[in-house]
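Residue numbers (my numbering): 339 to 1160.
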């Protein structure tokens, strides 16, 4: 229902224009002064346009001194009594933009015509409820936050990143509508006790106090996060880390994406086997999500990440991520066949989201640069940010067809990867080229564009084969089917065989695959993985090398190998029983790309490369002088002990995933042993790659909890057992962490417990650290809280090696382009 207030009084006394944006939260409070202004607060002389963040305010007309009040459906400045003024909660929607939340729990909103005002429920928030606050007389043209709905544009981002805020202060302000109307009335904003305003709904970090800072660069690193995967898989993962209208919109019901009973979550069911649907309700009751296994639901809302930051998170590598094949599955199941599933388009939108998230958190903290999420593009910037006690955020890209460099197999071509060409008639079809004319589809053009957007980290290969080489194999059915679809299409015969072989309900999503033309795609061509006892392997750091493959049809010898070079795979899913590794090795176009990645100074991610392709990358990077470092930033499969040693010898890092606390302790011991055996003189440290929001289950609760080692709420970090043994924490103040909870203003909500729920959302990384404090030796905590600094030093080594490549050219080891073992 639209309320139309008294127009004459508004024009004369209140000139509120409208605006567009949104957000949410702050804690309610009380004042000993009741409804009176606190002595000395006055009219806030000298504040910037950002410093009314999350405050309860009265709006006073500057010329008459009258305060805004509500009388029924009418709003007007018609009282000189501050006790009668309307309490308006100013919730930042973006820098300089606010939602005006009334005492009745509604948003003050432009009626959309003339200068009329109305109110609207928060659930029906629209751009007309967003108001831009400006200091009277300020003519600065302020950049708007990057738009998450659009691809990151290097030119626009350069202007946004290069803007220097004039830090203008004043005591009279104008409110400008979304339509750009700046009405003539100026206002003063008077502080009120928090109890005078309605509480704006917001998630909680459930921790009070300030986290540590200092020049020692103390803190831990999460080197594999997907906090901004809002466009992931064509809507398979609803929600987002923030929303202009706040938590009730960011973490709303997932029914729109997954259907009213959750059965529309086809990607989730494909990977988990859970085909029974789920309760779609979101904030604040969260009956089924977030949870450690609900991988297609938002788990990195900004307040949850704030809890992790306060627990010492100081470096984040945030990856834009997508998978075109899985996106097509989801979009087709949802009846949206025209939705664009291009991975690079989605990645560039996610990169814009990362910059918009920085803007949003800055707004919550009261000014440009005030927030703790700080995107950095150089190691020097990272050092400065961490010294301030904030989180340095590096941007990365993790997609299967990086730079649109897909491979579509040509039935006429039987070359192995190392000898492959893109000759028009018989060669493979690539989605990119090695030419250097500046054309958009060229590899060098696109890499330079990613640099300009702020990207520092790259995966050249992800879950499927592409033009550069072959992917790591860690699952032998679903992803193998996806690889065939991604490389030219999956025909109906193969789909039918898969449905007969696997769990029919789980694999029902395969019906959404669309054959492309002749459906020339291929299953993974493989070779039997080397024995873990081989001296060239030395065992595995992570569970295994390769995977046991699913045969679609009879096993050998009843089926014939049709892969390239007479190997298993190819046109038929026919494989030996031994674990299989990918036989698609480095291609000539892949070698060119690897060289350009190093020339431009990207941090080189080694995870997801096939086992032999990892060896080739290490051969290439160790041939450079100085060595070009690589990182296994969320290693979960396919890395041998010998490969880990070579990573350390090259100045790189091995940071595992975090499956549960006992596993993390075991991995720390194994990785530390490999570092020591490598002979590296670089100090050891170990963070982790959580892979949150990346289809990976999060840390599980401990199966066995020693008596007295339970996570008891509240708990303290930085003091007590474990921390007291470390000199780095001698001067640190303890910080108290309450039980993770979601509570709405009316008291409804829920709690989580680490001992029973594991890491249900990202903020519970703090609770995993409490488990480590209980169970791990202090040396592990020391290595963990040294991992952010270790990463910055790794980045510095990368930059030095890149400069050498630019100065001296790429050093080429002998026989780098070679076939995989038979």
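For every residue, glycine included, the Cβ atom is placed at its ideal position computed from N, Cα and C.
So what does residue i bridge to, in DSSP terms?
i, result
"residue 1081", "1087"
"residue 656", "563 and 733"
"residue 793", "733"
"residue 975", "None, per the DSSP bridge assignment."
"residue 508", "385"
"residue 908", "861"
"residue 943", "969"
"residue 622", "BP columns for residue 622 are empty, so no partner."
"residue 429", "437"
"residue 746", "767"
"residue 1054", "1074"
"residue 810", "The partner list for residue 810 (beta bridge, DSSP) is empty, contrary to what the question assumes."
"residue 962", "In the DSSP output, where bridge partners are listed per residue, residue 962 has none listed."
"residue 1223", "Nothing about residue 1223 can be read from this structure; the chain reaches only from 339 to 1160."
"residue 921", "Answer is none; residue 921 lacks a bridge partner."
Could you round the C-beta distance between residue i and residue j to whole angstroms and report it? I think they count as a contact, below 8 Å.
i, j, result
"residue 920", "residue 809", "6 Å"
"residue 732", "residue 659", "Wrong, their Cβ atoms sit about 14 Å apart, outside the cutoff."
"residue 1113", "residue 1042", "Between residue 1042 and residue 1113 the Cβ distance is about 10 Å, and since that is not below 8 Å, they are no contact."
"residue 1033", "residue 1056", "That pair is no contact at about 33 Å."
"residue 1162", "residue 880", "The structure shown does not extend to residue 1162, since the chain is modelled only from 339 through 1160, so no value can be given for it."
"residue 445", "residue 457", "6 Å"
"residue 804", "residue 760", "In fact, because the Cβ distance is near 13 Å, the residues do not count as touching under 8 Å."
"residue 576", "residue 595", "4 Å"
"residue 543", "residue 686", "Between residue 686 and residue 543 the Cβ distance is about 30 Å, and since that is not below 8 Å, they are no contact."
"residue 589", "residue 620", "5 Å"
For residue i, report the span of its alpha helix (DSSP H) as first-last.
i, result
"residue 635", "No alpha helix (DSSP H) contains residue 635, which DSSP labels as neither H nor E."
"residue 806", "Unbroken run through residue 806: none, as it is neither H nor E."
"residue 1014", "999-1016"
"residue 585", "585-588"
"residue 493", "492-500"
"residue 1133", "1125-1146"
"residue 693", "681-703"
"residue 640", "640-648"
Would you call residue i buried or exposed, if buried means 16 or more other Cβ atoms sit within 10 Å of its Cβ?
i, result
"residue 1071", "exposed"
"residue 372", "In this predicted model, residue 372 has a pLDDT of only 28, less than 50, meaning its place in the structure is not dependable enough to derive any value."
"residue 941", "buried"
"residue 1109", "buried"
"residue 1030", "buried"
"residue 378", "For residue 378, the predicted model reports a pLDDT of 29, less than 50, meaning its position is unreliable and no value from the coordinates is stated."
"residue 442", "exposed"
"residue 502", "exposed"
"residue 567", "buried"
"residue 477", "exposed"
"residue 419", "exposed"
"residue 1088", "exposed"
"residue 479", "exposed"
"residue 556", "buried"
"residue 636", "buried"
"residue 513", "buried"
"residue 487", "exposed"
"residue 1097", "buried"
"residue 1086", "exposed"
Would residue i and residue j qualify as a contact pair, given that the criterion is a beta-carbon distance under 8 Å?
i, j, result
"residue 885", "residue 812", "yes"
"residue 905", "residue 807", "no"
"residue 565", "residue 652", "no"
"residue 784", "residue 741", "yes"
"residue 938", "residue 911", "no"
"residue 1025", "residue 561", "yes"
"residue 301", "residue 979", "Only positions 339 to 1160 of the chain appear in this structure, which leaves residue 301 out of reach."
"residue 429", "residue 464", "no"
"residue 1135", "residue 967", "yes"
"residue 677", "residue 669", "yes"
"residue 1067", "residue 1061", "yes"
Over the uninterrupted beta strand (DSSP E) stretch that includes residue i, give me the two end residues.
i, result
"residue 470", "468-473"
"residue 993", "991-994"
"residue 417", "412-417"
"residue 610", "Taken as a continuous stretch (DSSP letters only), residue 610 belongs to no beta strand (DSSP E), being part of the alpha helix (DSSP H) at 604-610."
"residue 409", "405-409"
"residue 456", "455-459"
"residue 444", "444-448"
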